[in-house]
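Residue numbers (this note's numbering): 8 to 158.
Even glycine gets a Cβ: it sits at the ideal position worked out from N, Cα and C.
Here the structure is a predicted model, which is why all the values come from computation and not from measurement.
Okay, here's the thing in structure tokens:
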């Protein structure tokens with residue numbers, strides 16, 4: 008069970024929270040674009056959680072670099088307080104800081120691609136966020152192809 012989720016008031020994306028949550032519930036694919044620093048990376052996974060998109064699986068959020076996966080996971084966990092320490096984890100090469108209770112998992116795009124090699128349907132995930140997709144790498148391109156096939 009998820010307690011009330013708090014959102015930092017100063018982030019532009021927070022003003023659209025209710026609209027985004029409604030869209031997340033209604034559409035299997037959603038493209039969210041916004042200025043750097045508007046809160047997409049840290050707030051969208053929490054909105055997915057609030058929308059109930061972790062009831063049947065984990066919410067994955069990819070990052071192109073391991074330091075980003077680690078720092079963003081720590082930031083989101085901190086924002087969520089006590090429940091964040093249980094519900095938010097990360098996985099990068101040689102380091103897995105997730106548990107059975109993790110509902111939001113930050114990981115590098117390479118780690119998600121490796122998981123897709125073992126489970127082509129990515130069954131453990133209910134919702135997958137490809138962050139920084141505009142950076143275009145082979146990993147991201149492969150992941151987008153895999154996700155298109157799953158849709």
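Please classify residue 62: does DSSP put it in a helix, a strand, or coil? Here the question's residue 62 lines up with position 55 in the chain shown. Note: residue 62 maps to coil in three-state DSSP.
Would the beta-carbon of residue 103 fall within 7 Å of that of residue 69? In the chain shown, residue 103 corresponds to position 96, counting from 1. In the chain shown, residue 69 corresponds to position 62, counting from 1. No, the Cβ-Cβ distance between residue 103 and residue 69 is not below 7 Å.
Coil, strand or helix - residue 117 by DSSP: For this step, residue 117 is matched to residue 110 along the chain shown. Helix at residue 117.
Work out the CA separation of residue 55 and residue 61 for me, nearest whole Å. The count along the chain shown starts at 1 and reaches residue 61 at position 54. The count along the chain shown starts at 1 and reaches residue 55 at position 48. Rounded to whole angstroms, residue 61 to residue 55 spans 7 Å at the Cα level.
Short check: CB of residue 21 to CB of residue 48, under 7 Å? Reading the chain shown from its first residue, position 14 is the one you call residue 21. Reading the chain shown from its first residue, position 41 is the one you call residue 48. Going by C-beta atoms, residue 21 is not nearer than 7 Å to residue 48.
Since residue 67 contacts residue 132 with CB under 8 Å, what's their CB separation in whole angstroms? Along the chain shown, read from residue 1 onward, the residue named residue 67 stands at position 60. Along the chain shown, read from residue 1 onward, the residue named residue 132 stands at position 125. Right, their Cβ atoms sit about 5 Å apart.
Would you report the Cα separation of residue 28 and residue 95, rounded to the nearest angstrom? Position 21 of the chain shown, counting from 1, holds the residue named residue 28. Position 88 of the chain shown, counting from 1, holds the residue named residue 95. Looking at the two C-alpha atoms, the distance is approximately 19 Å.
If we count the other Cβ atoms within 10 Å of its Cβ and call it buried at 16 or more, is residue 152 buried or exposed? Residue mapping note: residue 152 aligns to position 145 of the chain shown, counting from 1. The residue is exposed, with fewer than 16 neighbouring Cβ atoms inside 10 Å.
Report all residues from its chain with a CB closer than 6 Å to the CB of residue 108; omit the five preceding and five following residues, and keep chain order. Here the question's residue 108 lines up with position 101 in the chain shown. Taken in chain order, the residues that qualify are 93.
Just the Cα atoms here: how many angstroms apart are residue 83 and residue 50? Sequence index remark: in the chain shown, residue 83 carries index 76 (1-based). Sequence index remark: in the chain shown, residue 50 carries index 43 (1-based). Take the alpha-carbon of residue 83 and the one of residue 50: they are about 8 Å apart.
Give the list of continuous alpha helix (DSSP H) stretches no shorter than 4 residues that lie fully inside the segment 27-112. Within the segment 27-112, the complete alpha helix (DSSP H) runs of at least 4 residues are 47-57, 73-87 and 89-94.
Please tell me whether residue 43 has its Cβ less than 7 Å away from any Cβ of chain B. Protein chain content of the structure displayed is limited to a single chain, and chain B is not contained in it.
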